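The sequence shown runs 1 to 436 under the working numbering.
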Amino acid sequence: MSRRPRIAAAVAAAALFAAVGAVLALTTPWNPLPGRVPGGRVEADPSADFSAAEIARSRAFDSALNPPAYAGLLVGLVLVLALGLTPAGSRLIGWTTARVRRWPLRVMAAAVALTTLLRVAGLPFDLWGESVLRRYGLSTQSWPQWLLDQLKSLAVTWVIYTVALLLLYAVMRRFPRYWWTGAAAGGFLLVVAVSFLYPVAVEPVFNKFHSLPQGRLRSDLLAMADRDGVPVKDVLVADASRRTTSLNAYVSGFGSTRRIVLYDTLLRSPRPRIESIVGHELGHAKRGDVLWGTLVGALAVAGGVCLLYLLLTSPRLLRRAGVPPAEDSDVRTAVNPRSLALVLALVAAGTQIGMPVQNLVSRRIEARADAHALDLTRDPSTFVSMQHELAVRNISDLSPDALEHLLWLTHPSAPDRIAMARDWERIHGAPLGVRR
Numbered sequence: 001m002s003r004r005p006r007i008a009a010a011v012a013a014a015a016l017f018a019a020v021g022a023v024l025a026l027t028t029p030w031n032p033l034p035g036r037v038p039g040g041r042v043e044a045d046p047s048a049d050f051s052a053a054e055i056a057r058s059r060a061f062d063s064a065l066n067p068p069a070y071a072g073l074l075v076g077l078v079l080v081l082a083l084g085l086t087p088a089g090s091r092l093i094g095w096t097t098a099r100v101r102r103w104p105l106r107v108m109a110a111a112v113a114l115t116t117l118l119r120v121a122g123l124p125f126d127l128w129g130e131s132v133l134r135r136y137g138l139s140t141q142s143w144p145q146w147l148l149d150q151l152k153s154l155a156v157t158w159v160i161y162t163v164a165l166l167l168l169y170a171v172m173r174r175f176p177r178y179w180w181t182g183a184a185a186g187g188f189l190l191v192v193a194v195s196f197l198y199p200v201a202v203e204p205v206f207n208k209f210h211s212l213p214q215g216r217l218r219s220d221l222l223a224m225a226d227r228d229g230v231p232v233k234d235v236l237v238a239d240a241s242r243r244t245t246s247l248n249a250y251v252s253g254f255g256s257t258r259r260i261v262l263y264d265t266l267l268r269s270p271r272p273r274i275e276s277i278v279g280h281e282l283g284h285a286k287r288g289d290v291l292w293g294t295l296v297g298a299l300a301v302a303g304g305v306c307l308l309y310l311l312l313t314s315p316r317l318l319r320r321a322g323v324p325p326a327e328d329s330d331v332r333t334a335v336n337p338r339s340l341a342l343v344l345a346l347v348a349a350g351t352q353i354g355m356p357v358q359n360l361v362s363r364r365i366e367a368r369a370d371a372h373a374l375d376l377t378r379d380p381s382t383f384v385s386m387q388h389e390l391a392v393r394n395i396s397d398l399s400p401d402a403l404e405h406l407l408w409l410t411h412p413s414a415p416d417r418i419a420m421a422r423d424w425e426r427i428h429g430a431p432l433g434v435r436r
């Protein structure tokens, strides 16, 4: 293969990743509460707001949940890399698609087979984790309901992966030397499309929604959104209680589809606390965090596709993955659907490598949304009490370690959020919230 397409792809990948890095560096709210804090910033301290029993329960839950989480992650990565970086995946696809002639059907069959195998391999660890949630009273599902949710999730995975891989291999076949150009553009558009379609196409698969009845809570939430300058079409209630006892709320959709969604478990909380958590979610909507994240993620995917091209045009890597030569030559090409295991392995590796950066940025964005909620409600005491209730009800990790920050933590810990609320109190001269 000519070096020119590879050089062009390398330049494009470098430019796109540089653009992502620059956007993240310049737009991430690294300090959600800028300026000097009178008396100095408050240190996060779980013992200041949580009882010894609450701290002990959080540690016990974390110790019980970490083994299945880490084991599931490790087994999943080892399996997908073993399938992709050895001939095992190619042989599996060859066996699965032996009687299939048309390439689109071969891609579909391979995608379904591989994603199903990976999900089945992770199922024991998912069962383990679900049993921990049940033991601590966080899961309210029956086992048949839980299994049905797993099947729904697998079906959604089939659809997304099949569509993405069909588009990828179609472009590979049509433009064998410069397929990275069309695939990068297609990947960008697919990320944007999934983000817009998810609230209306995927969320209803897992939850039932109904409008919050007319009353003071609905009126106050809509008035708060109007005061914040965030157009909201409706306030919905999700039937989360049939799965969990956790508390949550979010703002879903864009433009005319935007709505505030409350877990039905949250409705039992005092109204000011509900307003506090909704204020946080309105902060995301006002700043366009979902749209911003979608566009940055789409740029990263486009860069990743360019890098994928460089890897999939490596004869050594294709040979290692067991991709057979083309029928009319001795050249191995990724256009063969038997390279699909290698594609999934490279995507999984890239996703995992990028996860620490994604989590770091997410924590800063969540902290900015917390600051927005404080600015909107001007009620730090309620914010503190809400964070305490969320942490206790959800059994949040009150002292996450460095590895948990890298792998899992998309939000600041509850003590960090409470400490920032007290910084906000000091900046605005408000009385400090009462500590426990």
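Each residue gets a CB set at the ideal place from its N, CA and C atoms; glycine is no exception. Here the structure is a predicted model, which means the values were calculated and not measured.
Length of the line joining the Cα atoms of residue i and residue j
i    : j    : result
A225 : A348 : 39 Å
D45  : V278 : 25 Å
L197 : F206 : 14 Å
S211 : Y263 : 12 Å
L374 : L105 : 53 Å
M386 : S241 : 19 Å
A414 : H388 : 7 Å
P315 : A334 : 10 Å
A8   : S153 : 38 Å
T265 : G255 : 27 Å
L81  : D234 : 45 Å
L432 : R426 : With a pLDDT of only 47 at L432, under the threshold of 50, the placement of this residue in the model should not be trusted; the figure read from the coordinates follows. Approximately 8 Å between the Cα atoms of the pair.
V78  : E203 : 30 Å
A367 : M108 : 41 Å
S63  : S47  : 19 Å
R436 : R271 : Because R436 sits at a pLDDT of 34, beneath the cut-off of 50, its placement in the model cannot be relied upon, and the following sentence gives the value as read from the coordinates. Taking the straight line from one Cα to the other gives about 21 Å.
V434 : L114 : Low confidence applies to V434: its pLDDT is 41, below 50, so where it sits in the model is not reliable enough to give any reading.
L189 : L16  : 15 Å
Where the beta strand (DSSP E) containing residue i begins and where it ends
i    : result
H210 : F209 to S211
S142 : No beta strand (DSSP E) holds S142; DSSP gives it neither H nor E.
Which listed residue (the options) has its alpha carbon closest to that of residue i
i    : options                   : result
R378 : R99, D423 and H388        : D423
P87  : P324, L406 and L118       : P324
N66  : L409, H428, I418 and P415 : L409
A60  : T27, D416, S396 and E425  : S396
S131 : W146, R36 and A71         : W146
V370 : L33, T27 and L79          : Going by the sequence as given, residue 370 is Asp instead of Val. If we check each option's Cα against that of D370, L33 comes out closest.
L133 : L85, V42 and P68          : P68
H405 : V357, I427 and R417       : V357
A402 : G253, A223, A326 and L360 : L360
A245 : L138, L92 and G354        : What sits at residue 245 in the sequence shown is Thr, not Ala. Of the candidates L138, L92 and G354, the one whose C-alpha sits nearest the C-alpha of T245 is L138.
L340 : T351, L123, T97 and H372  : T97
S362 : L85, R174 and H284        : H284
A184 : V194, L167, P199 and S195 : L167
Unbroken alpha helix (DSSP H) run spanning residue i, endpoints
i    : result
D264 : Element bounds for D264: n/a, residue is neither H nor E.
Y70  : A52 to L85
Y309 : D289 to L312
A240 : Premise fails: A240 is in no alpha helix (DSSP H) and is neither H nor E.
A383 : In the sequence as displayed, the identity of residue 383 is Phe instead of Ala. First-last of the alpha helix (DSSP H) with F383: P380 to N394.
R41  : Run containing R41: none; DSSP gives neither H nor E here.
D416 : A414 to H428
H411 : Neither: H411 is in no alpha helix (DSSP H) and is coded neither H nor E.
Buried or exposed by the 16-neighbour rule on C-beta atoms within 10 Å, applied to residue i
i    : result
A18  : exposed
A421 : buried
G40  : exposed
G288 : exposed
I418 : buried
I274 : buried
Identity of the residues DSSP links to residue i by a beta bridge
i    : result
P325 : R332
A225 : In the DSSP output, where bridge partners are listed per residue, A225 has none listed.
S252 : R259
Cβ-heavy atom distance, residue i to the ligand SAM, below 7 Å
i    : result
S131 : Only the bare structure without any ligand can be found here, which leaves the ligand SAM out of the picture.
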